[in-house]
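Below you'll find the structure, written out as structure tokens, and then a few comments.
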Amino acid sequence: MEFGHLSVLCLGDVMLDRFLHGDIERISPEAPVPVIRVRTTKEMPGGAGNVACNIASLGGKAILVGVVGSDEAGERLRRLLLSRPGITDALTGSSRRPTICKTRFIAGRQQVVRADDESSDGLFDDEQAALIAAIDTHLPGSQAMVLSDYGKGALSEAVLGYAISAARAAGVSVFVDPKSEDFGRYRGADCITPNLKEFAAAARKTCLTEADIAAAAHRLLVQADAQAILVTRSEKGMTLVERNGDVTSVPARAREVFDVSGAGDTVIAALALARASGRTLAQAMHIANAAAGVVVSKLGTATADITEVMHELASQSEELGGPPIAGLQSFEAARSLVAQWRDQGLEVGFTNGCFDILHPGHVSLLAAARQNCDRLVVALNTDESTRRLKGPTRPVNTLEQRAQVMAAIRFVDCVVGFAEDTPLEIITALMPDVLIKGADYALHQVVGADVVQNAGGRVVLAELVAGQSTTRIIGRAQSGGQSER
Numbered sequence: 007m008e009f010g011h012l013s014v015l016c017l018g019d020v021m022l023d024r025f026l027h028g029d030i031e032r033i034s035p036e037a038p039v040p041v042i043r044v045r046t047t048k049e050m051p052g053g054a055g056n057v058a059c060n061i062a063s064l065g066g067k068a069i070l071v072g073v074v075g076s077d078e079a080g081e082r083l084r085r086l087l088l089s090r091p092g093i094t095d096a097l098t099g100s101s102r103r104p105t106i107c108k109t110r111f112i113a114g115r116q117q118v119v120r121a122d123d124e125s126s127d128g129l130f131d132d133e134q135a136a137l138i139a140a141i142d143t144h145l146p147g148s149q150a151m152v153l154s155d156y157g158k159g160a161l162s163e164a165v166l167g168y169a170i171s172a173a174r175a176a177g178v179s180v181f182v183d184p185k186s187e188d189f190g191r192y193r194g195a196d197c198i199t200p201n202l203k204e205f206a207a208a209a210r211k212t213c214l215t216e217a218d219i220a221a222a223a224h225r226l227l228v229q230a231d232a233q234a235i236l237v238t239r240s241e242k243g244m245t246l247v248e249r250n251g252d253v254t255s256v257p258a259r260a261r262e263v264f265d266v267s268g269a270g271d272t273v274i275a276a277l278a279l280a281r282a283s284g285r286t287l288a289q290a291m292h293i294a295n296a297a298a299g300v301v302v303s304k305l306g307t308a309t310a311d312i313t314e315v316m317h318e319l320a321s322q323s324e325e326l327g328g329p330p331i332a333g334l335q336s337f338e339a340a341r342s343l344v345a346q347w348r349d350q351g352l353e354v355g356f357t358n359g360c361f362d363i364l365h366p367g368h369v370s371l372l373a374a375a376r377q378n379c380d381r382l383v384v385a386l387n388t389d390e391s392t393r394r395l396k397g398p399t400r401p402v403n404t405l406e407q408r409a410q411v412m413a414a415i416r417f418v419d420c421v422v423g424f425a426e427d428t429p430l431e432i433i434t435a436l437m438p439d440v441l442i443k444g445a446d447y448a449l450h451q452v453v454g455a456d457v458v459q460n461a462g463g464r465v466v467l468a469e470l471v472a473g474q475s476t477t478r479i480i481g482r483a484q485s486g487g488q489s490e491r
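With this note's numbering applied, the sequence shown covers 7 to 491.
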């Protein structure tokens, strides 16, 4: 996927997201509330700003239009935008309202409380005029428009109407992340992307099944004169209902969910880019679903990198209309993934082997490995390396075949190959937090153990399933399936 030639105009409520991470060590003597000892503070653009960050992270270009205050939070937000390649700051400053700022207090991986600083005032005339002027300036160079409505006032009736009308006149597709229960506000949009709760509120009925969603969506599409509604359904995936009557659903892939903050921003960013690149809405939904799967496994308002999305797509079973994506990652892609996971505070594990004919012993090792880390990288010996280790008749399966099978194992997050006799070089390059091998090894026999431990990591020797080996499986096959005695 290549989105580098695409620009998306992001218009809506812009905010600063703050995350204060710490530990709860005691209850306050002043009131029965926990005391958080703050260890680190992270800040990032939120709302429409997070949409812009996702577009840039996915390889596209974003023009961010909204209103921020002339205050410390606004200055901090603009500095963050300046540090992110691919984002054009087209924000309007205001001395009459604060920058919207959401401060979340996190203990461990649990959000304890959130504090919001914002104004409920509507747009002043000069602010509204400035937003419309920014649309006129930046729409001609855009291939898509995202309207990010958080109900904070930036998308007034006048701004919404002008933006959609101007985009339609220019032939630019409009995608709306709605907050209002009245989808008529977004009249003329190409695609509206509510979550299930927002959709049910707009439909004024509970929608439990795909049939319920389809029936309600068709009524809402007429009301909003829109071309499609994409409903995000958490663990049930997504359902796309188009004006022409087509209904397409995609399931969510089972995975650990750390935080759903900002997942809707990621969905609409990926959807807009994929559609602008020439894909159908149904194909774009598959890409958006993969991007959402990436960000919900991260803590806090997060973005999806294009490498992560490609990896996620490789793990999904749905067809995208093109050739299947191989499970084997390049060394550079693996190193990029590991760096991103580490930036997110995730513990990266590593194990390696030939894994020629996968058997219960292998699966048990992988399960034990994944229990000791947040993300697991598996390095496979190349075919030449396997032959040097195992003999001229091995491997039975090629590296590409072994990688595809390995990538389908739910405990595995990244598969990479190495041509050397030992994985020392790739261990040194990736520098995992946890190195996992089977308990048939002694600690001093584990290649790379000293490297990982000297860097502050640890080594885990996992118990193995007795009597399981590829050599025994091959032997039984050669003997006509007779059990060993």
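Glycine residues also receive a C-beta, built at the ideal position from the N, C-alpha and C atoms. These numbers come from a predicted model, not from an experiment.
So, using beta-carbon positions, are residue i and residue j closer together than 7 Å?
{"i": "Ala169", "j": "Ile141", "result": "yes"}
{"i": "Phe181", "j": "Val228", "result": "no"}
{"i": "Val418", "j": "Ala340", "result": "no"}
{"i": "Asp19", "j": "Lys158", "result": "yes"}
{"i": "Ile106", "j": "Met21", "result": "yes"}
{"i": "Ile93", "j": "Ala58", "result": "yes"}
{"i": "Ser148", "j": "Val178", "result": "yes"}
{"i": "Gly397", "j": "Leu430", "result": "no"}
{"i": "Tyr156", "j": "Gly72", "result": "no"}
{"i": "Ala195", "j": "Ala278", "result": "no"}
{"i": "Thr254", "j": "Ala288", "result": "yes"}
{"i": "Glu241", "j": "Ala258", "result": "yes"}
{"i": "Glu248", "j": "Ala230", "result": "no"}
{"i": "Ile293", "j": "Ala275", "result": "no"}
Going by beta carbon distance, what residues of the same chain come within less than 6 Å of residue i, once the five residues before and after it are set aside?
{"i": "Asn295", "result": "Met244, Val256"}
{"i": "Glu469", "result": "Ala445"}
{"i": "Gly3", "result": "As shown, the chain starts at 7 and ends at 491. That puts residue 3 outside it, with no answer to give."}
{"i": "Ile69", "result": "Leu15, Thr94, Ala96, His144"}
{"i": "Ala260", "result": "The pLDDT assigned to Ala260 is 48, lower than 50, so where the model puts this residue is not dependable; a value taken from the coordinates is nonetheless given after this. Correct list: empty, nothing qualifies."}
{"i": "Ala374", "result": "Ala468"}
{"i": "Arg381", "result": "Trp347, Leu352, Val354, Asp419"}
{"i": "Gln459", "result": "none"}
{"i": "Ile138", "result": "Tyr168"}
{"i": "Asp23", "result": "Met50, Gly52, Lys108, Thr307"}
Distance check for residue j and residue i, CA to CA, integer angstroms please.
{"i": "Glu133", "j": "His27", "result": "35 Å"}
{"i": "Gly463", "j": "Leu17", "result": "44 Å"}
{"i": "Ser522", "j": "Ser283", "result": "Residue 522 cannot be examined here, being either before or after the span of the chain that is shown, 7 to 491."}
{"i": "Ala187", "j": "Leu226", "result": "Note on identity: in this sequence residue 187 is Glu, with Ala being the wrong assignment. Rounded to the nearest angstrom, the two C-alpha atoms are 11 Å apart."}
{"i": "Ser370", "j": "Val465", "result": "17 Å"}
{"i": "Leu326", "j": "Tyr447", "result": "Its pLDDT being 39, under 50, Leu326 is placed unreliably by the model, and nothing is read from it."}
{"i": "Phe356", "j": "Leu145", "result": "46 Å"}
{"i": "Gly128", "j": "Ser162", "result": "8 Å"}
{"i": "Val273", "j": "Ala298", "result": "6 Å"}
{"i": "Phe25", "j": "Val237", "result": "28 Å"}
{"i": "Ala172", "j": "Gln407", "result": "51 Å"}
{"i": "Ile331", "j": "His368", "result": "Annotation note: pLDDT 42 at Ile331 (below 50); position unreliable, coordinate value reported separately. Using only the alpha carbons, I get a separation of about 23 Å."}
{"i": "Lys443", "j": "Ile433", "result": "13 Å"}
{"i": "Ile510", "j": "Glu124", "result": "Residue 510 cannot be examined here, being either before or after the span of the chain that is shown, 7 to 491."}
{"i": "Leu395", "j": "Met291", "result": "44 Å"}
{"i": "Asp265", "j": "Gly114", "result": "With a pLDDT of 44 at Asp265, under the threshold of 50, the predicted position of this residue should be treated as unreliable, and no value is reported."}
{"i": "Gly10", "j": "Pro35", "result": "55 Å"}
{"i": "Arg376", "j": "Leu441", "result": "11 Å"}
{"i": "Glu81", "j": "Gly55", "result": "14 Å"}
{"i": "Gly251", "j": "Thr286", "result": "15 Å"}
{"i": "Leu372", "j": "His365", "result": "11 Å"}
{"i": "Asp3", "j": "Phe424", "result": "Any answer about residue 3 is impossible in this case: the structure gives the chain only from 7 up to 491."}
{"i": "Lys185", "j": "Glu204", "result": "7 Å"}
{"i": "Pro438", "j": "Ser391", "result": "22 Å"}
{"i": "Arg191", "j": "Glu8", "result": "33 Å"}
{"i": "Pro91", "j": "Lys67", "result": "8 Å"}
{"i": "Asn358", "j": "Ile42", "result": "40 Å"}
Considering only residues of the same chain and omitting the five flanking positions on each side of residue i, which have a CB-CB separation below 8 Å?
{"i": "Thr212", "result": "Ala206, Asp218"}
{"i": "Ser336", "result": "Val422"}
{"i": "Thr404", "result": "Asp389"}
{"i": "Asn201", "result": "Val237, Thr238, Arg239, Ser240, Gly270"}
{"i": "Arg393", "result": "Arg400, Pro401"}
{"i": "Arg120", "result": "Lys108, Thr109, Arg110, Phe111"}
Can you list, in chain order, the residues of its chain with a C-beta nearer than 7 Å to that of residue i? Leave out the 5 residues immediately preceding and following it.
{"i": "Val344", "result": "Val354, Val383, Leu436"}
{"i": "Gly75", "result": "Ser100, Arg103, Pro104, Thr105"}
Stretch pair the segment 30 to 39 + the segment 76 to 90: three plus CB contacts closer than 8 Å: Short answer: they don't touch.
Which residue spans inside the segment 335 to 383 form an unbroken beta strand (DSSP E) run of at least 3? Here the runs fully enclosed are 354 to 359.
Does the structure place the segment 62 to 82 close enough to the segment 35 to 47 that three or more beta carbon pairs sit under 8 Å? Judged by Cβ distances under 8 Å, the segment 35 to 47 makes no contact with the segment 62 to 82, as fewer than three pairs qualify.
Taking only runs that begin and end inside the segment 124 to 166, name each unbroken beta strand (DSSP E) of 3 or more residues, in chain order. Annotation: the segment 124 to 166 contains the following complete segments of the beta strand (DSSP E) (minimum length 3 residues), in chain order: 150 to 154.
Sequence ranges, alpha helix (DSSP H) only - wholly within the segment 169 to 223, length at least 4: As far as the segment 169 to 223 is concerned, its whole alpha helix (DSSP H) runs of at least 4 residues are 202 to 209.
Which ranges does the alpha helix (DSSP H) cover as unbroken runs of at least 4 residues, wholly within the segment 49 to 94, from first to last along the chain? Correct list: 54 to 63, 78 to 88.
My parser needs the beta strand (DSSP E) runs of 3 or more residues fully inside the segment 95 to 121; what are they? Positions of the beta strand (DSSP E) runs, each at least 3 residues long and wholly inside the segment 95 to 121, are given as 98 to 100, 106 to 113 in order along the chain.
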